[in-house]
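Asker: In our numbering, the protein residues as written are 23 to 125.
Okay, handing you the structure first.
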């Protein structure tokens with residue numbers, strides 16, 4: 023009997039699978055949110071020590087985001103330079119295919 027985790031990750035072949043592309047895009051979205059949070063905290067900091075701490079965290083998040091972004095671009099998982107209409111079409115098509123294959 024396959025586990026829930028193997029079903030989600032694509033191990034069972036029956037249920038939905040999470041691809042590397044989805045994981046990379048989720049990581050990019052998470053990095054964006056983390057960077058925004060740390061930047062806001064740095065701007066609102068009441069002491070220079072806190073400002074430096076949060077600024078350092080922003081830098082670390084940006085470095086991690088750059089690494090994931092470069093990988094996603096190299097693997098064609100992320101295409102930030104396409105026109106919005108084309109990106110929307112591709113996202114809609116991906117969602118439609120995913121729903122048809124895993125419904």
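All residues carry an ideal CB built from backbone N, CA and C; glycine is no exception.
Source: prediction; values computed, not measured.
1. For residue 116, is the classification buried or exposed, using 16 other Cβ atoms within 10 angstroms of its Cβ as the cut-off for buried?
2. Are at least three pairs of beta-carbons, each pair with one atom in the segment 51-68 and one in the segment 84-93, less than 8 angstroms apart?
3. Would you report the Cα separation of residue 46 and residue 101, rounded to the nearest angstrom?
4. Looking at the secondary structure, which residues open and close the alpha helix (DSSP H) in which residue 47 lies?
5. For residue 77, which of helix, strand or coil comes out of DSSP?
6. Once you ignore the five residues that flank residue 79 on each side, which residues in its own chain have a CB closer than 6 angstroms to its CB?
Answerer: In terms of the structure at hand:
1. Classification of residue 116: exposed, given that the 10 Å Cβ count is below 16.
2. Using a C-beta cut-off of 8 angstroms, the segment 51-68 makes contact with the segment 84-93, since at least three inter-stretch Cβ pairs fall below that distance.
3. Each residue's alpha carbon lies about 12 angstroms from the other.
4. Taken as a continuous stretch (DSSP letters only), the alpha helix (DSSP H) holding residue 47 covers 42-66.
5. Correct three-state label for residue 77: helix.
6. Excluding residues within five positions, the ones whose Cβ falls inside 6 angstroms are 60.
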